[in-house]
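Trainee: Can you read through this structure? Questions will come right after.
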Amino acid sequence: MLNIVLFGPPGAGKGTQSQKLIEKYNLIHLSTGDLLRSEIAAGSELGLKAKSLMDNGLLVPDEVVIGMIANKVREHGNAAGFIFDGFPRTVPQAQSLDKLLQEHGTEISAMLALKVDDEELTNRLLLRGQTSGRPDDQNEELIRKRVQEYNTKTAPVADYYAGQSKFFAVDGIGEINEIFAQLCKHIDSLTQ
Numbered sequence: 107m108l109n110i111v112l113f114g115p116p117g118a119g120k121g122t123q124s125q126k127l128i129e130k131y132n133l134i135h136l137s138t139g140d141l142l143r144s145e146i147a148a149g150s151e152l153g154l155k156a157k158s159l160m161d162n163g164l165l166v167p168d169e170v171v172i173g174m175i176a177n178k179v180r181e182h183g184n185a186a187g188f189i190f191d192g193f194p195r196t197v198p199q200a201q202s203l204d205k206l207l208q209e210h211g212t213e214i215s216a217m218l219a220l221k222v223d224d225e226e227l228t229n230r231l232l233l234r235g236q237t238s239g240r241p242d243d244q245n246e247e248l249i250r251k252r253v254q255e256y257n258t259k260t261a262p263v264a265d266y267y268a269g270q271s272k273f274f275a276v277d278g279i280g281e282i283n284e285i286f287a288q289l290c291k292h293i294d295s296l297t298q
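See below:
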């Protein structure tokens, strides 16, 4: 089973590249944001718990998010693999994900990180904000804060996977297909 953590700051191109990777490798996309919305819409026990927390302005705890991921892994037990988007964001989440996958006889194959400098990210997000209508992509100060938050809080996750020799960085600046080719090169080296 091929299990990829696609990693990178806001605006690095994760959405674009994950779609291409899903198509090429026949992976199931696990986006924590999508999972939360889908569980809430389904009215599941986990969804109701998450909605109650979110309605009160609280973050959804790791065990609820891991529970949702566990449901999807069980539901797609015969999948070729998964691409994790937006998760894990902390080392405890990465450890929980490792434990969950081990219970299903699999593991993370690689963390692929799209590297883009902060100025480029800011410019990309401001540009995206002009076309997407997303308010969080229209305020430069807020964008810089999001990028800083990513750099501070999620960088240790890269170190965690590097410690397992599963971390691969790819330059996220360039032509979409060139970046995709670099990601594929890393993935293909795992399956040989």
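Per the working numbering: the sequence shown = residues 107 to 298.
Note that the Cβ used here is the ideal one computed from N, Cα and C, for glycine as well.
Given the structure is predicted, the values throughout are model-derived calculations rather than measurements.
1) In chain order, which beta strand (DSSP E) runs of at least 3 residues are fully inside the segment 142–175?
2) Residues in its own chain within less than 7 Å of His135 by CB, not counting five upstream and five downstream?
3) Can you give me the C-alpha to C-alpha distance between Ala185 and Leu154, rounded to a whole angstrom?
4) Give a yes or no on contact between the segment 208–222 and the segment 115–122, applying the rule of three or more CB pairs nearer than 8 Å.
5) For Phe113, name the three-state secondary structure that DSSP assigns.
6) Going along the chain, which residues of its own chain have a beta-carbon closer than 6 Å to the beta-carbon of Asn132, five neighbours each way excluded?
7) In the structure shown, what three-state DSSP assignment does Asp140 receive?
8) In this structure, how does DSSP classify Asp277 when only helix, strand and coil are distinguished?
9) By how many angstroms is the C-alpha of Thr297 removed from the C-alpha of Arg180?
10) Taking the alpha carbon of Thr228 as the point to measure from, which residue in Gly211, Ile214, Gln254 and Ala216 has its own alpha carbon closest?
11) Rounded to a whole number of angstroms, what is the C-alpha to C-alpha distance between Leu248 and Asp242?
12) Within its chain, find whatever has a CB closer than 7 Å to the CB of Met160; leave out the 5 residues flanking it on each side and keep chain order.
13) Write down the C-beta distance between Leu152 and Gly173 rounded to the nearest angstrom, noting that I regard them as a contact closer than 8 Å.
14) Quick one: what does DSSP say Asp191 is sitting in, helix, strand or coil?
15) Starting from Lys100, trace the beta strand (DSSP E) in both directions and tell me its first and last residue.
16) Hey, how far is the Cα of Gln244 from the Cα of Ala268?
17) For Gly139, I'd like the list of residues in its chain whose CB is within less than 7 Å of its CB, leaving aside the five on either flank, ordered along the chain.
Mentor: Checking against the coordinates, here is how it stands:
1) Those beta strand (DSSP E) runs which fall completely within the segment 142–175 and span 3+ residues do not exist here.
2) So the qualifying residues of the chain are Ser124, Ile128, Ile189 and Asp191.
3) Each residue's alpha carbon lies about 27 Å from the other.
4) Inter-segment contact for the segment 208–222 and the segment 115–122 is present: three or more beta-carbon pairs are separated by less than 8 Å.
5) Correct three-state label for Phe113: strand.
6) Taking Asn132 as the centre and dropping the five residues before and after it, the same chain places the C-beta of Ala186 closer than 6 Å to its C-beta, in chain order.
7) The answer is helix: DSSP assigns Asp140 an H, G or I state.
8) The DSSP-derived three-state label of Asp277 is strand.
9) So the alpha carbons of these two residues sit roughly 23 Å apart.
10) Comparing C-alpha distances from Thr228 to each of Gly211, Ile214, Gln254 and Ala216 shows the shortest one belongs to Gln254.
11) Leu248 and Asp242: Cα-Cα distance of roughly 7 Å.
12) Apart from the 5 residues on each side of it in sequence, Met160 sits with its Cβ closer than 7 Å to the Cβ of Val166 in its chain, given in chain order.
13) Rounded, the Cβ-Cβ distance is 5 Å, consistent with contact.
14) Correct three-state label for Asp191: strand.
15) Nothing can be reported for residue 100, as the shown portion of the chain is limited to 107 through 298.
16) Counting only the Cα atoms, Ala268 lies some 34 Å from Gln244.
17) Excluding its 5 nearest sequence neighbours in each direction, Gly139 has C-beta neighbours in its own chain below 7 Å: Gly192, listed in chain order.
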